[in-house]
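Undergrad: Sequential numbering from 1 applies to the sequence shown in full-length UniProt numbering. Backbone N, C-alpha and C define an ideal beta-carbon position, used for all residues, glycine too. Got a structure for you, written out below as structure tokens; questions coming shortly.
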Amino acid sequence: MSLSGLGDTGKAQPPPALFPAPESDTPTPGRRRGGAPQNRSSEDGPVQNGPPQTDDAGRQLVFFSADAAEPTVADLAGLLAGPGEVVRMGGTARLSVQVDAAWRVHVLVAELASRGLAASWEPTEGARHAVRTSYTRVLKPLAAAWLHGTTKRPPAAFHLTGRRLRLWLAAAGTPEPPDCFLLRLGAEDKECWEPIGVALASAGLAGTLLGPGEGGPAYRIAGRRRLARLAELVGGAPSAAPADAWPTRP
Numbered sequence: 001m002s003l004s005g006l007g008d009t010g011k012a013q014p015p016p017a018l019f020p021a022p023e024s025d026t027p028t029p030g031r032r033r034g035g036a037p038q039n040r041s042s043e044d045g046p047v048q049n050g051p052p053q054t055d056d057a058g059r060q061l062v063f064f065s066a067d068a069a070e071p072t073v074a075d076l077a078g079l080l081a082g083p084g085e086v087v088r089m090g091g092t093a094r095l096s097v098q099v100d101a102a103w104r105v106h107v108l109v110a111e112l113a114s115r116g117l118a119a120s121w122e123p124t125e126g127a128r129h130a131v132r133t134s135y136t137r138v139l140k141p142l143a144a145a146w147l148h149g150t151t152k153r154p155p156a157a158f159h160l161t162g163r164r165l166r167l168w169l170a171a172a173g174t175p176e177p178p179d180c181f182l183l184r185l186g187a188e189d190k191e192c193w194e195p196i197g198v199a200l201a202s203a204g205l206a207g208t209l210l211g212p213g214e215g216g217p218a219y220r221i222a223g224r225r226r227l228a229r230l231a232e233l234v235g236g237a238p239s240a241a242p243a244d245a246w247p248t249r250p
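Right, dumping it as structure tokens:
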């Protein structure tokens, strides 16, 4: 069963009725004047031209927000910060993630398409859905940065930008009223949990790590100030997302 980045479905079996009509929420990779498409796959972070704009507290608000940057393959590290997985085969790699709601499928497929990656999906146990890319050389640098043998671990210089957080939230973010948000982690990725927490704190989103026995693994982002920061970084809600599933700016 497949779903293309443009919302086309396979003829054999239509998507479940609970799927909203898919719309494109992200721009296609563009070209800068005199340059190539901005579709980098390395883990070296965003390219900065001049100093980032900051508020009085010195936080980097504009440059790192999802609305301020073009989509790149490197953004997919946000899925790996959560429950996403990457596997290698020869000189190629494939990214996959299981999600718990149909709207997430549409958002992620559109996000992948905006980075030039076709994706497919299929239902799994427990009313969940698996979204995955094809094997492609484009994802090889991402796999090289995150895999140590078969173990997933963030690279030493890993940081969270708005677009990475947006992908993580789209795949595994859950509101916890009144003033909390859970960003879920991979259940088998214990070596990732601590460094991901450090990256969250560096982004102004220090959270509390919840273990499997506490409703996790996940980081709980608590407080109106931090939720406002999260909303500021991830940008506006995708059209497919339920109104209460996305953080909103105050």
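Taking only the alpha-carbon atoms, compute the straight-line gap between A145 and R88 and give it to the nearest angstrom.
TA: Between A145 and R88, the C-alpha separation is close to 12 Å.
Undergrad: Does DSSP classify H159 as helix, strand or coil?
TA: Note: H159 maps to coil in three-state DSSP.
Undergrad: From the DSSP secondary-structure annotation, give me the bridge partner or partners of W121.
TA: Answer is V131, bridged to W121.
Undergrad: Please report the residue range of the alpha helix (DSSP H) in which V234 lies.
TA: Run containing V234: 224-234, per the alpha helix (DSSP H) assignment.
Undergrad: Compute the beta-carbon to beta-carbon distance between A241 and V107, rounded to the nearest angstrom, for a pair I have assumed lies under 8 Å.
TA: Indeed they touch by this definition, with Cβ atoms about 6 Å apart.
Undergrad: Taking C-alpha atoms, which residue in G116, W103, L142 lies nearest to G173?
TA: It is W103.
Undergrad: Quick one: what does DSSP say P217 is sitting in, helix, strand or coil?
TA: If DSSP states are grouped into helix, strand and coil, P217 belongs with coil.
Undergrad: By how many angstroms is the C-alpha of T72 removed from the C-alpha of residue 271?
TA: Residue 271 lies beyond the stretch modelled for the chain, which goes from 1 to 250, so this question has no answer here.
Undergrad: Measuring only the C-alpha atoms, how far is L117 from S134?
TA: The straight-line gap from Cα to Cα measures roughly 8 Å.
Undergrad: Please work out which residues of its chain come closer than 8 Å, Cβ to Cβ, to R128, disregarding the five sequence neighbours upstream and downstream, and give them in chain order.
TA: Contacts found: Q98, V99, D100.
Undergrad: Under a three-way DSSP split, which group does P175 fall into?
TA: Strand.
Undergrad: Once you ignore the five residues that flank A124 on each side, which residues in its own chain have a CB closer than 8 Å to its CB?
TA: For clarity, residue 124 is Thr in the given sequence; the question names Ala instead. Once the five neighbours on either side are set aside, the close Cβ partners of T124 are Q98, A130.
Undergrad: Output yes or no for whether 8 Å exceeds the beta carbon distance between G223 and L209.
TA: It is not a contact, given that the beta carbons lie outside the stated cut-off.
Undergrad: What would DSSP say about E188, mapped onto helix, strand or coil?
TA: E188 falls in the coil class under three-state DSSP.
Undergrad: Where F158 and E122 are concerned, what is the direct C-alpha to C-alpha distance, given to the nearest angstrom?
TA: Answer to the nearest angstrom: the Cα atoms are 30 Å apart.
Undergrad: Span of the alpha helix (DSSP H) holding V109?
TA: 102-113 is the extent of the alpha helix (DSSP H) around V109.
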